[in-house]
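Line by line, the protein sequences are chains L and B.
For what it's worth, the UniProt record's numbering labels the leading residue of the first sequence as 1, then goes sequentially.
For what it's worth, the UniProt record's numbering labels the leading residue of the second sequence as 1, then goes sequentially.
Each remark here refers to the structure printed beneath this line.
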Amino acid sequence: MADSTPSTPPDEERRGNAVQRFYAAFESPPRRRALHLLLLAILVVTPWLASQYMTVILTNALLYVVLCLGLNVVVGYAGLLDLGYAAFFAVGAYTIGILTQQFGINFWAAIPFALAAAALAGVIIGGPTLRLRSDYLAIVTLGFGEIVRFSARNLEITGGASGLSHIPEPTLLGWYIDSAIDFYYVFAVLAVLAYIASQRLFDSRLGRAWRYVRHDEDAAEAMGINRVAVKLAAYITGAIFGALGGIFFAVNLGAISPESFSFQQSVLILLAVVLGGMGKIPGVILGAFIVVLGPELLRDFGTLRLLVFAVLLLLIMLFRPSGIWPEKRS
Amino acid sequence: MLLQLKGVSLSFAGNTVLDAVDFGVERGRIQSLIGPNGAGKTSLFNVITGFYRPQLGEISLDGQPLIKRKPHTVTRLGIARTFQNVRLFHEMSVLENVMAGQHCRSRAGALAAVLRLPSQRAEERRIFETSLECLDFVGLTAYRDRLATNLAYGHQRRVEIARALATEPRLLLLDEPAAGLNSGEKQALIELIQRIRDARGVSVLLIEHDMSLVMNVSEHISVLDHGSLITEGTPQAVQNDPAVIEAYLGQDDEELAL
Ligand SMILES: Nc1ncnc2c1ncn2[C@@H]1O[C@H](COP(=O)(O)OP(=O)(O)OP(=O)(O)O)[C@@H](O)[C@H]1O
Ligand SMILES: [Mg+2]
């Protein structure tokens, strides 16, 4: 990255320029396209260079990119704290698991139902609570996350504590999607789609409305923006991203259990978003990679690795409270 | 009458803020609402725009009832406002601020945005062009890409007006638009208000403490004191009304006593 942590005020000024140069370097559309193509090429060739183990880890990182970009719509764009985001991930995963494994419905045909279920969950959690101010919302979402996990553990249809297994692998044009590399590409496509969708949402009427409401609810309301409707749209959009991740997560592992969707999971996704920089797409993607790859890269520390990782994160947040990705200013 | 209030009463915890106010704004007119500090002027705006719920009374725009409507609905029906303390979206660009006004005149949702449907792109272009036109109308096109927070105070006030105009209102409510402006900017504001009415056909109701500006720009003045409308009429009539002089003198006495 272009900037380093400065220690003296003159450096501070220079950093402003460095950041501006950093952004200016990618401002022109041809350069942007070149960068996108480069990243895409890296994304495509990586599994052929990486070990099977690394491919699996990277697949998980790409899943996190999807989840983090989804939560970023809720937290970063609309400014709503959500401590139970894994619930939407769970709804997607369980719906697909139940429909394909217990009802024998074709995977692709089941996807719309899983997305609809997640959207419905978004409405159920959002509808009554979005009138509340944000601190209450955090608590309600936390409760919602736990309720979903609790239900999954205690219902018969979700397989109780042991969850669902033998979820059938999907086929695409007669090809079984089953190897590690297959799923790597599935999640790569999802991550790219999530990236494009995030960008397009940001630059849209609704994306702006989210930011207006985040900045000043009353002024937004005075401009004719229905803040409850707009927040609900953020919730539903986030829910759909989460469900998409969950759908493919379920068929990738072939088995899901309530513990995949714990409070910790929600916190980790939120952590990645905050770490990267809420609302900043490249930052959030970076955050997703750090949260997944960080503990892996620290394997040498053995049992201490999570502790070391936590301390590193703490230090980063101490020095860059608005995330590691530099702020763009005009 | 474009806007009509009948017997509007508002109180907070037994404290009467508006007391059976009958009030109206004539179509195509520039009107002012004046009164000493704490008279209830801003509260009256908040009641009209749906931010406050009056306990009693009726409000209608062009015969359409406004009571119990949410602020965003009132805006969609054609009333736009600015705030006494400028409330821009500080960390967003000037143009994005103005685009906020177009939200209620457009409709694309998340799916349309993700798929970039032709209708969505056409709508985005329309939002962009309308907002740019509003920004041009207040003379700030050159600042469109600046962050709102980096603008001089006088310019911020104009952006707020442009943003309100972008809602395509029939009636524009300005809460102390001249506060904090220098005399040159005040003169420009008078011209802007007149152009808003003349060129765009928008009726204007303003709250203002600057008496020379009020006398200059208004065709009709209403005076509010302690939540009651004490008089209204032409600038000349109001200027010479003993009740008005007394209301303002009363305020001076209080200030002296402090
Ligand atoms: N939300 C509220 N809760 C309680 N009291 C309020 C509220 N809003 C306004 N008031 C009270 O209503 C009275 C009128 O306030 P308002 O802001 O309408 O006056 P104003 O005429 O706009 O004064 P100024 O010229 O100083 O802006 C004040 O006594 C104020 O304390
Ligand atoms: Mg006021």
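From the three backbone atoms N, C-alpha and C, an ideal C-beta is built for every residue, glycine too.
Please read these numbers as outputs of a predicted model, since none were measured by experiment.
Annotation: the region 63–102 of chain L contains the following complete segments of the alpha helix (DSSP H) (minimum length 4 residues), in chain order: 86–97.
Within chain B, F89, H90, E91, M92 have C-beta atoms less than 8 Å from the C-beta of H215(L), given in sequence order. Taking 8 Å as the cut-off, the C-beta of K70(B) does not count as close to any heavy atom of ligand 1.
Between ligand 2 and D175(B), a heavy atom-to-CB distance of less than 8 Å is present.
For Y212(L), the neighbours in chain B by C-beta distance under 7 Å run, in chain order, F89, A100. Beta-bridge pairing by DSSP links Y176(L) to T171(L). A check of alpha carbon separations from D145(B) across F137(B), G154(B), V159(B), Y153(B) identifies V159(B) as the nearest. Boundaries of the alpha helix (DSSP H) harbouring H36(L): 29–49, taken from the DSSP string.
Counting other Cβ atoms within 10 Å of its Cβ, F183(L) reaches 16 or more and is therefore classed as buried. The C-beta of N226(L) comes closer than 9 Å to at least one C-beta of chain B. Here the alpha carbon of S228(B) sits roughly 17 Å from the alpha carbon of V25(B).
Residue-level contact by beta carbon fails for D82(L) and chain B, as no gap is shorter than 9 Å. Residue environment for S183(B): exposed (fewer than 16 other C-beta atoms within 10 angstroms of its C-beta).
Look at R131(L) here: in three-state DSSP terms it is coil, with no helix or strand label.
Sorting I290(L), M278(L), L298(L) by C-alpha distance to the C-alpha of P321(L) places M278(L) at the top. Nearest to I236(L) by alpha-carbon distance, out of D178(L), A119(L), A220(L), is A119(L). Counting only Cβ-Cβ distances below 7 Å, A197(L) has contacts in chain B at V114, in chain order. For the pair of segments examined, the region 30–46 of chain B was found to touch the region 214–222 of chain B: the number of CB pairs separated by less than 8 Å reaches three.
Counting along the chain, the unbroken beta strand (DSSP E) around G24(B) starts and ends at 15–25.
Under the Cβ criterion of 9 Å, G122(L) is not counted among the residues facing chain B. Interface residue (Cβ-Cβ distance to chain B less than 9 Å): S28(L) is not classified as such. Residues of chain L with a Cβ closer than 7 Å to the Cβ of C134(B) do not exist, since the nearest Cβ in that chain sits about 12 Å away. Residues of chain B whose Cβ lies closer than 7 Å to the Cβ of A222(L) are, in chain order, T49, P71, T75, R81.
In chain order, Y77 place their CB closer than 7 Å to the CB of R211(L), counting only its own chain and leaving out the 5 sequence neighbours on each side. Around the C-beta of K41(B), 16 or more other C-beta atoms lie within 10 Å, and the residue is accordingly described as buried. Distance from W325(L) to P282(L) at the Cβ level is roughly 6 Å; contact confirmed, criterion being Cβ atoms closer than 8 Å. Every residue whose Cβ sits closer than 5 Å to any heavy atom of ligand 1 is listed here in chain order: F12(B), V17(B), N37(B), G38(B), A39(B), G40(B), K41(B), T42(B), S43(B). The C-beta distance from H166(L) to Q101(L) rounds to 6 Å, short enough to meet the 8 Å contact threshold. Every alpha helix (DSSP H) of 4 residues or more that sits fully in the region 106–159 of chain L is shown, in chain order, as 107–129, 134–154.
Using a Cβ-Cβ cut-off of 9 Å, R208(L) counts as an interface residue toward chain B, since at least one Cβ of chain B sits closer than that to its own.
Assigned with DSSP and collapsed to three states, P65(B) falls in strand. Taken through DSSP and simplified to helix, strand or coil, R116(B) comes out as coil. Runs of the alpha helix (DSSP H) lying entirely within the region 127–178 of chain B, each at least 4 residues long, are 153–165 in chain order.
Nearest in C-alpha terms to A219(L), of all of S11(B), L2(B), T82(B), is T82(B). A distance criterion of 8 Å places the beta-carbon of Q4(B) beyond contact range of ligand 2, judged by its closest non-hydrogen atom. Contact with chain B is found for R200(L), since one of that chain's Cβ atoms lies less than 9 Å from the residue's Cβ.
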